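> Pasting in a structure now, in structure tokens, and then I'll have a few things to ask.
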Amino acid sequence: MDIFLQQLANGLTIGSMFALVALGYTMVYGVMRLINFAHGDMVAASAFVGLTIYTQVMGQATSLPAVIAIFLLSAVCMACIGIILERVAYRPLREAPRLSAVVSALGASLVIQNGIMLIWGPRMRIFPELVPQVYWDFGGVVISLIQVIILVLSLVLMVALYLFVEKTRIGAAIRASSIDQDAARLMGINVNRIIALIFIIGSSLGAVGGLFIGLYYRGITFNMGWQYGLYAFVAAIIGGIGNIPGAMLGGMLLGLFNAFIAGYVSSTWADAFTFILLIVILIVRPTGILGERVAEKV
Amino acid sequence: MSDDILFEIKDLEVSYGSIAAIKGISLQVRKGEIVTILGANGAGKTTTMRTISRLLKAKSGSIRFKGHELTSLPAHKIVKLGISHSPEGRRVFGILTVEENLLLGAFTRSKVDRNTLDWVYELFPRLKERKKQLAGTLSGGEQQMLAIGRALMCNPEMLLLDEPSLGIAPILVKAIFQQIKEISRKGVTVLLVEQNAKAALKLADRGYVLDVGKIALAGTSEELLASPKVQEAYLGKKH
Ligand SMILES: Nc1ncnc2c1ncn2[C@@H]1O[C@H](COP(=O)(O)OP(=O)(O)O)[C@@H](O)[C@H]1O
Ligand SMILES: [Mg+2]
């Protein structure tokens, strides 16, 4: 029972990180039918950007306002890079064959990864201890303050995003653009603006995800985006790519699955089982758990 | 005469890659008119409509509306100028509700005009009954009503209708065409594309017949109805 509860807590923590990152994949796919392979590397970049803001801008302060500022500044930085990424790597290829955009996405991924390596070096860096090491022991089940912060903040962001997309006019425009871009244009929606907005939202959520990864795992490397990006991408597919609640659900499920495999089987097997899970889900439900639209679209 | 011309296409050419679809057409629409563009499948009617709304780029020629040149504007600006387009195949947002579809039609407005929404519901009471239903669950005729209603939500000066009768039960076609007349009475100028020449000419003031990217005939509805060419090609009468 202890293992179960402990892995439940761990699973929800990593699941919320996966979910935050998965939202970036799914929202871009929803509107553009494009897998933004560079997204994972953007997440990695965010952890390094956060590190630099901490040392260079905040003078290594860890007060609450300083930590909030680090999160906001990192998110703004990544949102700007996200806009540039869309302009440079994807917009010129909107009308081009799908394969060109895929190649461009892979290229962008390499550029960002190598950019991180050039700026911050190839060696692992240690992410600052922005949150005090506080733990609570509930009869053998240990939960840290970091876990609580990650879970609560992720849930708040996801609920906010959900309400924004479901309840506002801009949200309706996002949904319309992901259903039928030309029809959305006929409504007077500036689809280019919507796409830019999607990159802003996806990159900022990814930025928060990247900082969480730094906070939780501490060691950050220039190529870690590949691993976390892949997990988040799998989460997006499990939930149904293009579907926003699907990415949230997929992230959480994948996090829990991973934690339970690590707890009951072995952490070295977690990756292999993750892909077995992906394959099983794709066989049973090719469009993912909540995705129905994908098949009709492509 | 020319000062009440609201909308004018001049020498328009449009191609898909190297294939010319519109080969230099010109037409005018006066304020308050219902003008129809007739033509067989593949004549270039939809291409013309999509070019007006700037979903397609013109190769050459001009499209003017109230003194604005449309060919150089992006699609969303054209809606703002007062041209609304109910596209071929309806293109309603199937996984959104009827009401969400209608509200999206008012996207260019700073806020949704209640009166317009009430008017659309009055024109098509079925939409009101089904406002919480997903648009994809509506029948073809109801989806067409929704597409037209959605296009009215921005209070357009000119309404583009691309084959509203396509794939719809004859009884509903009649109802929809009656409401188009009603929309026109409220002062909305209508450019109506149809293959159903009989229904369209009964409704329209004037018409153009498009034939493989060129205008083959133009005239008042009476003239076109009486023309042997139209009778033979589109009304199924033999001479
Ligand atoms: N997306 C497209 N790509 C290439 N050719 C097209 C495309 N859409 C239409 N066409 C061609 O352009 C011509 C006019 O088509 P269209 O405007 O759809 O005619 P209509 O609406 O009168 O049936 C046809 O020959 C059609 O095959
Ligand atoms: Mg057509």
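As given, the protein sequences belong to chains A and B, one line each in that order. Numbered according to full-length UniProt numbering, the first sequence spans residues 1 to 298. Numbered according to full-length UniProt numbering, the second sequence spans residues 1 to 239. All C-beta atoms, glycine included, are put in the ideal place defined by N, C-alpha and C. From a predicted model like this one, the values you see are computed outputs, not experimental measurements.
(1) Can you give me the start and stop residues for the alpha helix (DSSP H) that A270 of chain A sits inside?
(2) Please list, in chain order, the chain A residues whose beta carbon lies closer than 7 Å to that of T189 of chain B.
(3) Which partner residues does G219 of chain B have in the DSSP bridge list?
(4) Spatial neighbours of F93 of chain B within its chain, please: C-beta separation below 8 Å, excluding the five flanking residues on both sides.
(5) Does the stretch 77-93 of chain B come close enough to the stretch 44-56 of chain B that 3 or more CB-CB pairs lie under 8 Å?
(6) Between I112 of chain A and chain B, is the shortest Cβ-Cβ distance under 8 Å, so that the two count as touching?
(7) Going by DSSP in three states, L106 of chain A sits in which element: helix, strand or coil?
(8) Between which two residues does the beta strand (DSSP E) holding A21 of chain B run?
(9) Counting pairs of Cβ atoms below 8 Å between the stretch 149-166 of chain B and the stretch 105-113 of chain B, do you hit three or more?
(10) With a 10 Å radius around its C-beta and 16 neighbouring C-beta atoms as the bar for buried, classify M58 of chain A as buried or exposed.
(11) Report back the beta-carbon spacing between H76 of chain B and G30 of chain A to the nearest angstrom; my notes put them in contact at under 8 Å.
(12) Using the three-state DSSP reduction, which class does G44 of chain B fall into: helix, strand or coil?
(13) Could you name the residues of chain A that T108 of chain B contacts, counting a contact when the two beta carbons are closer than 8 Å?
(14) Around the Cβ of C77 of chain A, are there at least 16 other Cβ atoms within 10 angstroms (buried) or fewer (exposed)?
(15) I need the straight-line Cα distance from Q6 of chain A to S204 of chain A, nearest angstrom please.
(16) Just checking my contact of A247 of chain A with G239 of chain A at CB under 8 Å: how many whole Å lie between their CB atoms?
(17) Does any residue of chain A have a CB that is nearer than 8 Å to the CB of E100 of chain B?
(18) Does the stretch 8-18 of chain B come close enough to the stretch 196-209 of chain B that 3 or more CB-CB pairs lie under 8 Å?
(19) Along the stretch 189-207 of chain A, where does the CB come closer than 7 Å to a CB of chain B? Name the residues.
(20) At what residue ranges does the stretch 120-147 of chain B contain a whole run of the alpha helix (DSSP H), taking only runs of 4 or more?
(21) With a cut-off of 8 Å on the beta carbons, I'd call I116 of chain A and F212 of chain A a contact; round off their distance for me.
(22) Spatial neighbours of Y121 of chain B within its chain, please: CB distance less than 7 Å, with the 5 preceding and 5 following residues excluded, ordered by chain position.
(23) Report the residue from B:V230, B:S184, B:A175 whose alpha carbon sits nearest the alpha carbon of E142 of chain B.
(24) Against chain A, does L55 of chain B count as a neighbour if the rule is that its beta carbon must be under 8 Å from one of theirs?
(25) Can you determine whether any heavy atom of ligand 2 sits closer than 7 Å to the C-beta of D162 of chain B, and answer yes or no?
(26) Return the chain-ordered list of same chain residues with a C-beta closer than 6 Å to the C-beta of L12 of chain A, the five sequence neighbours on each side being excluded.
(27) Which residues bound the beta strand (DSSP E) around E166 of chain A?
(28) Measuring only the C-alpha atoms, how far is M158 of chain B from V190 of chain B?
(29) Give the residues of chain E in contact with F93 of chain B, contact being defined as C-beta atoms less than 8 Å apart.
(30) Check each candidate in A:M32, A:I68, A:I276 and name the one with the smallest Cα separation from L153 of chain A.
(31) Could you name the residues that DSSP lists as bridge partners for T189 of chain B?
(32) Would you identify the three-state DSSP class for G214 of chain A, choosing helix, strand or coil?
In brief:
(1) Counting along the chain, A270 of chain A sits inside the alpha helix (DSSP H) bounded by residues 270-284.
(2) Neighbours of T189 of chain B in chain A, taken as residues whose beta carbon is under 7 Å from its own, are absent, since the nearest beta carbon is some 17 Å off.
(3) Paired residues: B:G207.
(4) So the qualifying residues of the chain are E100, N101, L104, A135.
(5) Short answer: they touch.
(6) The beta-carbon of I112 of chain A is placed no less than 8 Å from the nearest beta-carbon of chain B.
(7) Here L106 of chain A sits in helix by DSSP.
(8) It spans 19-30 - the beta strand (DSSP E) in which A21 of chain B sits, taken as one unbroken run.
(9) A contact exists between the stretch 149-166 of chain B and the stretch 105-113 of chain B.
(10) Buried.
(11) About 19 Å; that fails the 8 Å criterion.
(12) G44 of chain B: coil per DSSP, three-state reduction.
(13) Per Cβ cutoff of 8 Å: M187, G188.
(14) Classification of C77 of chain A: buried, given that the 10 Å Cβ count is 16 or more.
(15) In a straight line, the C-alpha of Q6 of chain A is about 29 Å away from that of S204 of chain A.
(16) Contact flag correct, Cβ pair sits at about 5 Å.
(17) Yes - at least one Cβ of chain A is within 8 Å of the one on E100 of chain B.
(18) These segments do not touch.
(19) Those residues of the stretch 189-207 of chain A that come within reach of chain B (Cβ to Cβ, closer than 7 Å) are I189, N190.
(20) 125-129, all fully within the stretch 120-147 of chain B.
(21) Between I116 of chain A and F212 of chain A, the beta carbon gap of about 17 Å keeps them out of contact (Cβ cut-off 8 Å).
(22) Excluding positions up to five away in sequence, the list reads L127, K128.
(23) Measuring from the Cα of E142 of chain B, the nearest candidate turns out to be B:A175.
(24) Using a CB distance cut-off of 8 Å, L55 of chain B counts as an interface residue toward chain A.
(25) Flag set: Cβ of D162 of chain B near ligand 2.
(26) Contacts found: L151.
(27) Element bounds for E166 of chain A: not the beta strand (DSSP E) but the alpha helix (DSSP H), 145-167.
(28) CA-to-CA, the gap between M158 of chain B and V190 of chain B works out to about 6 Å.
(29) Among the chains of the structure shown, chain E does not appear; the protein chains present are A and B.
(30) Looking at the Cα atoms, A:I68 is the closest of the given residues.
(31) Its beta-bridge partners are B:M158.
(32) Helix at G214 of chain A.
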